[in-house]
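Taking the numbering used here, the leading residue of the sequence shown gets 2, the next gets one more, and so forth.
For glycine and all other residues, C-beta sits at the position ideal for the given N, C-alpha and C.
Model, not experiment: these values are computed from the prediction.
See below for the structure under consideration.
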Amino acid sequence: MTFRSQSLLADADTSRERANSALDETTRATLGQYMTPAVVASFMASMFGDLGHEVRLLDAGAGVGSLTAAVVHDLLARPRKPKVIEATAYEVDGVMLSGLRQVLDSCEAAARVARVRFVDRVVERDFIEDGASSLDLGLFREGTAPQFNAAILNPPYRKISSHSRERFQLRAAGIETSNLYTAFVGLALRLLAPGGELVAITPRSFCNGPYFRQFRRLLLEEASLLRIHVFESRNRAFRDDAVLQENIIFHVKKAAPRGKVVLSSSAAPGEPVAERTVPHAAVVDPRDPDAFIHLATSSEDAEVAKRMSALSCKLADLGFTVSTGRVVDFRAREFLRDDPVSNTFPLIYPTHFNGGYVAWPKLGGRKANALANEPATRALMVPNETYVLTKRFTSKEERRRVVAVVCDPSRLPSGVAQLGIENHVNYFHASGRGLHKGIARGLAAYLNSSLVDRYFRQFNGHTQVNATDLRSIRYPDLATLKAIGKRIGKAFPDQAGIDAIVDGALA
């Protein structure tokens with residue numbers, strides 16, 4: 002039998018499209034299934050270095066085997082081919098399994114023509130249960146069982162309940178995470194031999210925020226970053242599956258010393274790639290306790306990062322902190338009032354943000370405007386003083402990731418002693434009290450600047466803005482913030498005006 006390895010990717014893509022059309026949407030949502038197009042799979046496979054004469058490949062959540070086929074295709078095309086490729090593919094969906102076996106048969110045929118021994122093992126068991134129990138029992142420790150030296154993953158995307166069976170299994174294996182995709186990557190890393198390489202395509206959301214802090218620490222303790230690739234278009238990596246997450250591909254090496262990291266980007270899969278090489282510390286600051294991953298993929302981004310790192314203050318140095326609004330509206334539903342009436346206090350939502358300030362009330366809208374003054378609500382209030390507020394969630398259509406306004410008590414009715422800040426809002430304060438008005442205007446302008454927006458996008462790939470994210474960035478000193486605020490005045494200018502004032506003050 003003759004077989005050309007070049008047909009592997011095409012055959013795998015045909016199997017992928019066939020399985021995609023047969024998938025039940027409820028099952029897809031439950032399992033978090035989004036299969037890898039051939040152009041993405043091929044790009045991922047090309048990232049592996051020299052894996053030696055014997056490649057022991059793990060493909061967890063293999064689907065129809067697109068990623069395994071891409072690795073085999075790439076290895077067989079190299080001048081120095083391996084002698085043996087052993088592929089272990091985990092898959093539990095019956096729709097996928099027939100396509101997976103056909104693709105693996107094609108891999109075997111292509112390898113035979115190239116005089117490379119190919120052995121496959123299809124595991125019809127849940128990868129988390131199987132991998133976590135193996136690690137917990139020590140079966141993969143100290144050479145008692147073969148370890149993989151390569152792993153390629155497009156893991157499922159789904160949140161894991163803190164009380165689920167999966168979460169307990171992961172904890173038993175020493176992995177604490179809240180999403181299936183980070184669970185799969187964490188387990189695969191643990192199952193790699195020292196020096197083994199892993200390439201994965203995942204949402205970018207793990208790069209920042211408190212929910213993925215422990216996963217980032219696990220990733221960086223187990224391995225060193227070699228490359229991270231960013232797709233600039235949010236919706237084109239998995240266009241056929243209507244996936245809107247911002248995805249990245251990352252390549253790491255287990256138990257390797259930290260060196261240079263390649264940061265690359267393209268508008269979409271298959272389009273021209275721009276790249277730059279930076280020190281590992283430029284991607285993850287070793288002084289950062291949260292281990293945020295920064296992706297300055299262009300020289301312009303690098304200049305933004307340089308300008309931000311030159312600023313003198315962390316938020317705590319200013320004597321400020323940022324907190325999330327205390328009023329969770331669905332829990333306080335009985336105390337919400339559409340209109341301000343007697344014995345109520347203002348309640349501030351993102352809908353009240355307008356022109357750099359809080360514009361309250363907004364009558365006739367979908368959100369409440371007031372919170373009843375009751376014993377049960379008093380702990381939810383803050384003094385009616387000057388704060389800087391930011392949205393915790395921004396729409397994909399908004400120009401800026403961080404949207405800030407000043408909450409100025411002089412713009413609220415006289416005699417208001419307290420107010421409520423809803424949970425979709427972050428607020429900057431000084432140990433629970435308000436800020437100097439001029440400094441508050443300067444702080445809001447700084448947060449609304451293009452400088453902050455471009456820097457923020459280097460580590461935040463989604464539309465949620467956590468208080469942790471806002472604490473992580475650097476700020477001008479108080480004198481500079483006050484100078485910015487003085488130039489802003491009482492009426493915020495347009496974006497170009499804000500940028501000119503902030504850039505001038507930071508020059």
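| Item | Value |
| --- | --- |
| Does the distance from the CB of Val503 to the CB of Phe457 come in under 8 Å? | no |
| To the nearest angstrom, how far is the alpha carbon of Ala257 from that of Gln103? | 36 Å |
| DSSP three-state label for Lys487, please. | helix |
| Are the segment 419-434 and the segment 347-367 touching, with three or more C-beta to C-beta distances below 8 Å? | yes |
| In this structure, does DSSP put Val305 in helix, strand or coil? | helix |
| Look up Arg122 in the DSSP assignment and say whether it is helix, strand or coil. | strand |
| What residues in its chain sit with their C-beta under 8 Å from that of Asp14, if we drop five residues either side in the sequence? | Pro38, Ala39, Ser67 |
| Apart from the five residues on each side of it in sequence, which residues of its chain come closer than 8 Å, Cβ to Cβ, to Asn344? | Ala373, Asn374 |
| To which residues of the same chain is Ile161 closer than 8 Å at the C-beta, ignoring the five residues directly before and after it? | Glu167, Arg168, Leu171, Thr178, Ser179, Asn180, Leu181, Ala184 |
| Grab me the residues of Val328's own chain with a C-beta within less than 7 Å of its C-beta, minus the 5 sequence neighbours each way, in chain order. | Leu348, Leu372, Leu381, Gly421, Ile422, Glu423, Asn424 |
| Across the segment 485-504 and the segment 438-457, are there enough close Cβ pairs to call them in contact, namely three or more that are closer than 8 Å? | yes |
| Leaving out five residues on either side along the sequence, give the residues of the same chain with a beta carbon under 6 Å from the beta carbon of Arg109. | In the sequence under discussion, the amino acid at residue 109 is Glu, which differs from the Arg named in the question. Closer than 6 Å at the Cβ level, and outside the excluded window around Glu109, lie Phe119. |
| Give the C-beta separation of Lys254 and Val279 to the nearest angstrom, bearing in mind that I take them to be a contact with Cβ-Cβ under 8 Å. | Not quite, the Cβ-Cβ distance comes to about 17 Å (not below 8 Å), so this is no contact. |
| Confirm, please, whether the CB-CB distance from Thr391 to Val453 is below 8 Å. | no |
| If the criterion is Cβ atoms closer than 8 Å, does the pair Ser47 and Asp12 meet it? | no |
| To which residues does DSSP link Lys261 through a beta bridge? | Pro280 |
| Classify Asp121 as buried or exposed, calling it buried when 16 or more other Cβ atoms lie within 10 Å of its own Cβ. | buried |
| Find the nearest neighbour of Glu386 within the set Lys368, Arg400, Cys408, judged by alpha-carbon distance. | Cys408 |
| Nearest-angstrom Cα distance between Gln459 and Val72? | 30 Å |
| Does Arg334 come out as helix, strand or coil in the three-state DSSP assignment? | helix |
| Considering only their Cβ atoms, is the gap separating Gly271 from Phe493 smaller than 8 Å? | no |
| Can you have a look at Asn355 and say buried or exposed, based on whether 16 or more other CB atoms are within 10 angstroms of its CB? | exposed |
| Please name the residue, chosen from Leu227, Gln496, Leu58, Ile86, that lies closest to Ala282 on a Cα-to-Cα basis. | Leu227 |
| Opposite Leu199 in the DSSP bridges: which residues? | Ala152, Val253 |
| Report the start-end ranges of each beta strand (DSSP E) in the segment 311-362 that is 3 residues or longer and not cut off at the edges. | 322-325, 345-349 |
| Which of the three DSSP states is assigned to Asp60 in this structure? | strand |
| Just to confirm before moving on: does the CB-CB distance between Ala292 and Ala306 stay below 8 Å? | no |
| Helix or strand or just coil, what does DSSP make of Leu193? | strand |
| Once DSSP output is grouped into helix, strand and coil, what is the label at Arg116? | coil |
| Grab the span of the beta strand (DSSP E) containing Ile422 for me, first residue to last. | 419-422 |
| When the Cα of Ala70 is compared with those of Leu9, Ile129, Asp127, Leu52, which residue comes out closest? | Leu9 |
| Can you tell me whether DSSP reads Glu55 as helix, strand or coil? | strand |
| Rounded C-beta distance between Ala61 and Phe128? I'm assuming under 8 Å. | 5 Å |
| Give me, in chain order, the residues of the same chain whose beta-carbon lies closer than 6 Å to that of Thr368; leave out the 5 immediate sequence neighbours on both sides. | Note that residue 368 corresponds to Lys in the displayed sequence, not to Thr. Result list for Lys368: Tyr350, Thr352, in chain order. |
| Which of the three DSSP states, helix, strand or coil, is assigned to Thr395? | coil |
| Is it the case that the Cβ atoms of Ala90 and Ala63 are separated by a distance below 8 Å? | yes |
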